[in-house]
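Colleague: Position 360 (the sequence shown) corresponds to 359 in numbering that gives the first Met the number 0; numbering is contiguous. Just so you know, even glycine gets a beta-carbon here, dropped at the ideal spot from N, CA and C. Below: one structure in structure tokens.
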Amino acid sequence: MSVDSTHEVVEPVVDPEFGPWLAQASILVVDDEPGMRNFLVKTLGPRCKSIQEASDTKEASRRLDARHFDVVILDNVMPGKNGLDWLAEQRAIGFFADVILMTAYADLDTAIEALRAGVVDFVLKPFRSNQLLNAVARCLDRTRLQRENYVLRHELKSLSHQVFLRSKLLGDSVLIQQAREAIARVAPLPTSVLFTGQSGTGKEVAARSLHSLSNRADQVFVPINCGAISPDVIESELFGHLKGAFTGASRPRDGLFMHAQGGTLFLDEIGELPYMLQSKLLRVLEDRRVRPVGSEREIPFDARFVFATNADLKSRVKAGTFRSDLYFRINVMQIHLPPLRDRGDDVQELAALFMREMAQQLGMPPVTIYERIREALARYDWPGNIRELRNLIERTVILGAFPEDFERFVHDDDTGGQSLAEVEQRHIVSVLREAGDDREEAARRLGISRKTIDRKCASWRI
Numbered sequence: 000m001s002v003d004s005t006h007e008v009v010e011p012v013v014d015p016e017f018g019p020w021l022a023q024a025s026i027l028v029v030d031d032e033p034g035m036r037n038f039l040v041k042t043l044g045p046r047c048k049s050i051q052e053a054s055d056t057k058e059a060s061r062r063l064d065a066r067h068f069d070v071v072i073l074d075n076v077m078p079g080k081n082g083l084d085w086l087a088e089q090r091a092i093g094f095f096a097d098v099i100l101m102t103a104y105a106d107l108d109t110a111i112e113a114l115r116a117g118v119v120d121f122v123l124k125p126f127r128s129n130q131l132l133n134a135v136a137r138c139l140d141r142t143r144l145q146r147e148n149y150v151l152r153h154e155l156k157s158l159s160h161q162v163f164l165r166s167k168l169l170g171d172s173v174l175i176q177q178a179r180e181a182i183a184r185v186a187p188l189p190t191s192v193l194f195t196g197q198s199g200t201g202k203e204v205a206a207r208s209l210h211s212l213s214n215r216a217d218q219v220f221v222p223i224n225c226g227a228i229s230p231d232v233i234e235s236e237l238f239g240h241l242k243g244a245f246t247g248a249s250r251p252r253d254g255l256f257m258h259a260q261g262g263t264l265f266l267d268e269i270g271e272l273p274y275m276l277q278s279k280l281l282r283v284l285e286d287r288r289v290r291p292v293g294s295e296r297e298i299p300f301d302a303r304f305v306f307a308t309n310a311d312l313k314s315r316v317k318a319g320t321f322r323s324d325l326y327f328r329i330n331v332m333q334i335h336l337p338p339l340r341d342r343g344d345d346v347q348e349l350a351a352l353f354m355r356e357m358a359q360q361l362g363m364p365p366v367t368i369y370e371r372i373r374e375a376l377a378r379y380d381w382p383g384n385i386r387e388l389r390n391l392i393e394r395t396v397i398l399g400a401f402p403e404d405f406e407r408f409v410h411d412d413d414t415g416g417q418s419l420a421e422v423e424q425r426h427i428v429s430v431l432r433e434a435g436d437d438r439e440e441a442a443r444r445l446g447i448s449r450k451t452i453d454r455k456c457a458s459w460r461i
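Take a look at the structure:
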């Protein structure tokens, strides 16, 4: 636990009565009475990660500007500016943490004023230590649930084909073993990581593996697909906003960055981040501070950054669509994930795994992967990589058999001596036909992007 220099530094004790989150919390106590501050430090200090004190609102403002706090315990009646007036000012310029108000006055007017100012809990003086600890535990649970809910809802907005096997990076090929070794080496370090590779090669799986091996494994993992958020709202989604910051901003809200506080922030398709936001991301990386839309305050921020791209960022830097300073800032440790076609027998292992998982998930019997199918799996070029394989297995479980056009890839006489590129074209055209020429649906089934479908169809002039 880290506190002011006048207090002893000790390790926090996990108290099961008040939940596991208290030991990870940073708390600010704002009270003009030294005796009350001393009591709160002695009560909370041994149980939380860090605790700091402020004897007045000016000192409290300085501390908020210097670092992030999970909970603020605030006295209302203080010399100069009272606690609720100060809190209302802080909310107006960008302060989102939960606040517990200490008050000796339990009248209705005070309660209404406190709620308007953004207080989330009360403790009435005089109070026992357990009352305070329960109030702090409620705030931490509330914040955790809000963040998890927000992150999960954000993930559900992603296309279904972007969500696949997340447990671990599987396979025994040399290339994937090299990627796993690199992940294991860099995971314990604070270094930012850039995963590169084609769409569907498992970059999010690799990022989650990195997170699980890091010292932030017990904190939240927040995945953000920079190409899936509308440019009109992406700044607010990432950085949050204050009430009235723009039309429709009826209440203040944390952004996804702040929801990753203490954990890992995964920015997928970083090459699709709008140019105007690239400079703001660079500033966050350098200063570790986030400025919500409409806010005058930059909020201290701590998270591990992990990036991924299927684009050639060097080419985009030369073309002027990606900032060179941001590229050099994120390209500290680059780990390449190979395409599925270069991973040898890994396709067989992944197909068997997906078959078991899909059959269990859908409540349907698995389909036997006969030798002729294994040959087809090995011969196919997999333009959509692991994602396409997973989608193929899901369709197979639903239909009860592998698609006929896929089985034709086994023998040379079946393909008429065609190259893999020609076989790929035939398969994509077949899936497109099955989808009623709906390119969005065909892309979903194949596990590739709509842009890839459009580009290939243009090259084939169809």
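What are the start and end residues of the alpha helix (DSSP H) that includes Val-486?
Modeller: The question about residue 486 has no answer, for the chain in this structure spans 0 to 461.
Colleague: Taking the alpha carbon of Ile-501 as the reference point, which residue from Ser-211, Val-28, Ala-205 has its own alpha carbon closest?
Modeller: The structure shown does not extend to residue 501, since the chain spans only 0 to 461, so no value can be given for it.
Colleague: Taking the C-alpha atoms as reference points, what is the distance between Gly-293 and Phe-245?
Modeller: Going by the C-alpha atoms only, they are around 8 Å apart.
Colleague: State the DSSP-derived secondary structure class of Arg-288, mapped to helix, strand or coil.
Modeller: Note: Arg-288 maps to strand in three-state DSSP.
Colleague: At which residue ranges does the stretch 211-277 contain complete beta strand (DSSP E) runs of 3 or more residues, listed in the order of the chain?
Modeller: Listed in chain order, the complete beta strand (DSSP E) runs (minimum 3 residues) inside the stretch 211-277 are 220-224, 263-267.
Colleague: If we ignore side chains and look at the alpha-carbon of each, how far apart do Val-366 and Ile-397 end up?
Modeller: For Val-366 and Ile-397, the distance between alpha carbons rounds to 9 Å.
Colleague: Within its chain, find whatever has a CB closer than 6 Å to the CB of Ala-87; leave out the 5 residues flanking it on each side and keep chain order.
Modeller: Counting only Cβ-Cβ distances below 6 Å, and skipping sequence neighbours, we find Ala-116.
Colleague: Does the Cβ of Asp-267 have 16 or more other Cβ atoms within 10 Å, making it buried, or fewer, making it exposed?
Modeller: Looking at its Cβ environment, which holds 16 or more other Cβ atoms inside 10 Å, Asp-267 is buried.
Colleague: State the Cα-Cα distance for the pair Trp-459 and Arg-425, rounded to the nearest angstrom.
Modeller: Roughly 11 Å separates the two Cα atoms.
Colleague: If we count the other Cβ atoms within 10 Å of its Cβ and call it buried at 16 or more, is Thr-190 buried or exposed?
Modeller: The residue in question, Thr-190, is exposed, as its Cβ has fewer than 16 Cβ neighbours within 10 Å.
Colleague: Could you have a look at Thr-451 and say whether DSSP puts it in helix, strand or coil?
Modeller: Residue state, collapsed to three classes: helix.
Colleague: Figure out for me which residue from Tyr-326, Ala-186, Arg-62, Met-35 has the closest Cα to the Cα of Ala-544.
Modeller: Outside the shown range of the chain, which is 0 to 461, sits residue 544, and nothing can be said about it.
Colleague: What are the start and end residues of each continuous alpha helix (DSSP H) run of 4 or more residues lying completely inside the stretch 358-415, in chain order?
Modeller: With a minimum length of 4 residues, the continuous alpha helix (DSSP H) runs that stay inside the stretch 358-415 are 370-378, 384-398, 403-406, 411-414.
Colleague: Kindly indicate which three-state DSSP category Met-77 falls into: helix, strand or coil?
Modeller: The answer is coil: DSSP assigns Met-77 none of H, G, I, E or B.
Colleague: Between Gln-260, Phe-256, Gly-243, Ile-233, which lies nearest to Tyr-274 when the distance is taken from Cα to Cα?
Modeller: Of the candidates Gln-260, Phe-256, Gly-243, Ile-233, the one whose C-alpha sits nearest the C-alpha of Tyr-274 is Ile-233.
Colleague: Can you tell me whether DSSP reads Asp-461 as helix, strand or coil?
Modeller: The amino acid occupying residue 461 in the given sequence is Ile; Asp does not appear at that position. Of the three classes helix, strand and coil, the one that applies to Ile-461 here is coil, per DSSP.
Colleague: Between Thr-109 and Met-257, what straight-line distance do the alpha-carbon atoms span, to the nearest angstrom?
Modeller: Their backbone Cα atoms lie some 30 Å apart in a straight line.
Colleague: Mind checking which residues open and close the beta strand (DSSP E) that includes Glu-52?
Modeller: Start and end: 49-53.
Colleague: Checking 8 Å against the spacing of the C-beta atoms, do Val-28 and Val-40 come in under that value?
Modeller: Yes, they are a contact pair.
Colleague: Tell me the DSSP bridge mates of Phe-321?
Modeller: For Phe-321, which the question treats as bridged, DSSP gives no partner whatsoever.
Colleague: May I have the straight-line CA-CA distance separating Gly-201 from Leu-168, to the nearest angstrom?
Modeller: Gly-201 and Leu-168: Cα-Cα distance of roughly 8 Å.
Colleague: Report the three-state DSSP secondary structure of Ala-65 (helix, strand or coil).
Modeller: The answer is helix: DSSP assigns Ala-65 an H, G or I state.
Colleague: I'd like the list of long-range same chain contacts for Val-119, defined as Cβ closer than 8 Å, with 5 residues on each side in sequence excluded.
Modeller: Counting only Cβ-Cβ distances below 8 Å, and skipping sequence neighbours, we find Asp-97, Val-98, Ile-99, Cys-138, Arg-141.
Colleague: Comparing alpha-carbon positions, which option in Ile-26, Leu-63, Arg-90 lies nearest Thr-42?
Modeller: Nearest option by C-alpha distance: Ile-26.
Colleague: Restricting to Cα atoms, I'd like to know which of Ile-385, Leu-391, Arg-438 is closest to Glu-203.
Modeller: With distances taken between Cα atoms, Glu-203 lies closest to Ile-385.
Colleague: In whole angstroms, what is the alpha-carbon distance linking Leu-174 and Glu-348?
Modeller: Those two C-alpha atoms are separated by around 15 Å.
Colleague: Please classify Met-363 as buried or exposed, where buried requires at least 16 neighbouring CB atoms within 10 angstroms.
Modeller: Classification for Met-363: exposed.
Colleague: Could you check which residue in Ile-329, Arg-394, Asp-253 has the C-alpha nearest to that of Glu-147?
Modeller: Nearest option by C-alpha distance: Asp-253.
Colleague: Give the straight-line distance between the Cα atoms of Ile-72 and Leu-241, rounded to the nearest whole angstrom.
Modeller: Rounded to whole angstroms, Ile-72 to Leu-241 spans 22 Å at the Cα level.
Colleague: The beta strand (DSSP E) with Thr-102 in it runs from where to where?
Modeller: Residues 97-102.
Colleague: Using the three-state DSSP reduction, which class does Thr-308 fall into: helix, strand or coil?
Modeller: The answer is strand: DSSP assigns Thr-308 an E or B state.
Colleague: Would you identify the three-state DSSP class for Ser-25, choosing helix, strand or coil?
Modeller: Ser-25 falls in the strand class under three-state DSSP.
Colleague: Leaving out five residues on either side along the sequence, give the residues of the same chain with a beta carbon under 7 Å from the beta carbon of His-210.
Modeller: Same-chain partners within the cutoff: Ala-216, Phe-220, Thr-263.
Colleague: Just curious, the alpha helix (DSSP H) that Gln-333 is in, first and last residue?
Modeller: Unbroken run through Gln-333 is the beta strand (DSSP E), 332-335; no alpha helix (DSSP H).
Colleague: Would you give the residue range spanned by the alpha helix (DSSP H) that Asp-120 belongs to?
Modeller: Asp-120 -> not in any alpha helix (DSSP H); beta strand (DSSP E) instead, spanning 120-123.
Colleague: If the criterion is Cβ atoms closer than 8 Å, does the pair Leu-131 and Ala-103 meet it?
Modeller: Not closer than 8 Å, so no.
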